[in-house]
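The structure appears below as structure tokens.
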Amino acid sequence: MKMENDSGLLLVLSGPSGVGKGTICKALRERMTNLVYSVSATTRAPRAGEIEGVNYFFKSRAEFERMIAENELLEWAEYVGNYYGTPRRFVEETLASGRDVILEIEVQGALQVKEKFPEGIFLFLAPPDLAELQNRIVGRGTESEESIRNRMEVAKAEIELMDKYDYVVVNDVVDCACEKIEAIIMAEHLRKERQIHKFRKWLKEV
Ligand SMILES: Nc1nc2c(ncn2[C@@H]2O[C@H](COP(=O)(O)OP(=O)(O)O)[C@@H](O)[C@H]2O)c(=O)[nH]1
Ligand SMILES: Nc1ncnc2c1ncn2[C@@H]1O[C@H](COP(=O)(O)OP(=O)(O)O)[C@@H](O)[C@H]1O
Numbered sequence: 001m002k003m004e005n006d007s008g009l010l011l012v013l014s015g016p017s018g019v020g021k022g023t024i025c026k027a028l029r030e031r032m033t034n035l036v037y038s039v040s041a042t043t044r045a046p047r048a049g050e051i052e053g054v055n056y057f058f059k060s061r062a063e064f065e066r067m068i069a070e071n072e073l074l075e076w077a078e079y080v081g082n083y084y085g086t087p088r089r090f091v092e093e094t095l096a097s098g099r100d101v102i103l104e105i106e107v108q109g110a111l112q113v114k115e116k117f118p119e120g121i122f123l124f125l126a127p128p129d130l131a132e133l134q135n136r137i138v139g140r141g142t143e144s145e146e147s148i149r150n151r152m153e154v155a156k157a158e159i160e161l162m163d164k165y166d167y168v169v170v171n172d173v174v175d176c177a178c179e180k181i182e183a184i185i186m187a188e189h190l191r192k193e194r195q196i197h198k199f200r201k202w203l204k205e206v
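First residue of the sequence shown: 1, per full-length UniProt numbering; consecutive thereafter.
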């Protein structure tokens with residue numbers, strides 16, 4: 001994927017299950033109107049209250065495998081027994097329209113995006129500690145005991161990969177974590193403006 005000068009930023013937010021990615025993404029989108037959430041496809045069953053096309057596009061395994069075969073996904077991964085993937089076209093079109101896109105995806109997928117799209121901004125949301133992470137997954141009340149155990153196991157492996165990210169933000173208090181991410185996004189926009197020599201033209205006139 002090629003990034004045009006006036007295209008938006010691609011933001012990739014990862015972090016272990018239960019750390020608060022969904023909570024932070026929702027809060028960020030309320031604060032930043034230029035930020036668009038990429039809705040993923042998944043084979044996992046909808047949770048109570050989840051809406052098709054809002055939280056996920058819910059697919060059968062056969063449909064998901066067709067999407068892989070037809071190159072409709074920017075990245076995909078298997079996580080705790082289900083497929084998850086990012087529909088490619090929506091991301092490309094939204095970036096081209098000049099809006100920023102945020103992907104809320106696990107680590108294997110994020111590393112695939114990094115290979116294809118190194119200009120992306122890779123953010124890892126970390127818990128204050130593992131005990132608090134487990135409290136949050138349990139407190140959300142959506143997972144079976146087995147699912148919680150599996151997610152905690154995967155979490156330990158994910159945390160080991162956080163050095164591959166551009167930024168690590170601890171989700172202690174939602175507002176504080178959001179402010180830090182907003183600051184990162186603003187700084188990355190300034191860096192991009194400088195890279196594309198937006199100021200060169202008028203500097204010549206000085
Ligand atoms: N690679 C990849 N991971 C995704 C995608 N969508 C969601 N995920 C990740 O899959 C994992 C499981 O998501 P989910 O079942 O909703 O559980 P939750 O994170 O505990 O709410 C999380 O780490 C998500 O960030 C995607 O499109 N691609
Ligand atoms: N900073 C925080 N402090 C305390 N609880 C939090 C915080 N952020 C999120 N939570 C809670 O933790 C649980 C998991 O959050 P969620 O956004 O579903 O995580 P994820 O999307 O990473 O799986 C939810 O019940 C949420 O309300």
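Think of the CB as a built atom: it goes at the ideal place given N, C-alpha and C, for glycine as much as any other residue. Small disclaimer: the values here were computed from a predicted structure and weren't measured.
Between LEU103 and THR86, is the Cβ-Cβ spacing less than 8 Å?
Contact flag set, yes.
Exposure label - ARG61; buried when at least 16 CB within 10 Å
If you draw a 10 Å sphere on the C-beta of ARG61, you find fewer than 16 other C-beta atoms in it, and that means exposed.
With H, G and I counted as helix, E and B as strand and the rest as coil, what does DSSP make of residue 219?
Residue 219 lies beyond the residue range present for the chain, which begins at 1 and ends at 206; the question has no answer from this structure.
Please report how far the alpha carbon of ARG66 lies from the alpha carbon of LEU95, in whole angstroms.
Distance between the alpha carbons of ARG66 and LEU95: 25 Å.
CB of ARG136 within 8 Å of CB of GLY20, strictly
Yes, the pair counts as a contact, with Cβ atoms nearer than the cut-off.
Could you check which residue in THR43, ILE159 and ARG47 has the C-alpha nearest to that of PHE58?
Of the residues THR43, ILE159 and ARG47, the one whose Cα lies closest to the Cα of PHE58 is THR43.
Measure the C-alpha to C-alpha separation of ASP6 and ASP172 and round it to an integer number of angstroms.
So the alpha carbons of these two residues sit roughly 34 Å apart.
Contacts around TYR56, its chain only, beta-carbon distance under 6 Å, and the 5 residues preceding and following it disregarded:
Hits under 6 Å: SER40 and THR42.
Excluding the five sequence neighbours on either side, which residues of its own chain have a C-beta within less than 6 Å of the C-beta of PRO127, listed in chain order?
Once the five neighbours on either side are set aside, the close Cβ partners of PRO127 are VAL19 and LEU133.
In its own chain, which residues sit with a C-beta less than 6 Å from the C-beta of TYR167, not counting the 5 before and 5 after it?
LEU123 and ILE184
Return the chain-ordered list of same chain residues with a C-beta closer than 6 Å to the C-beta of GLY109, the five sequence neighbours on each side being excluded.
Within the same chain, GLY109 has close Cβ partners GLU75 and ALA77.
Our contact map puts CYS178 next to ILE24 with C-beta atoms below 8 Å; I'd like the distance itself, whole angstroms only.
The pair is a contact, with the Cβ atoms about 6 Å apart (cut-off 8 Å).
Contact between the segment 8 to 19 and the segment 112 to 121 (3+ Cβ pairs under 8 Å):
Taking 8 Å as the limit for Cβ pairs, the verdict is that the segment 112 to 121 does touch the segment 8 to 19.
Measuring straight from C-alpha to C-alpha, what distance separates ILE196 and GLY139?
46 Å
Leaving out five residues before and five after GLY98 in sequence, what residues of the same chain have Cβ atoms less than 7 Å from its Cβ?
ASP6, SER7 and GLY8
Compute the beta-carbon to beta-carbon distance between GLU182 and ARG31, rounded to the nearest angstrom, for a pair I have assumed lies under 8 Å.
6 Å
Identified DSSP bridge partners for LEU103
LEU103 pairs with VAL12.
Counting C-beta neighbours from all protein chains within 10 Å, is the total for ARG151 16 or more, i.e. buried, or is it exposed?
buried
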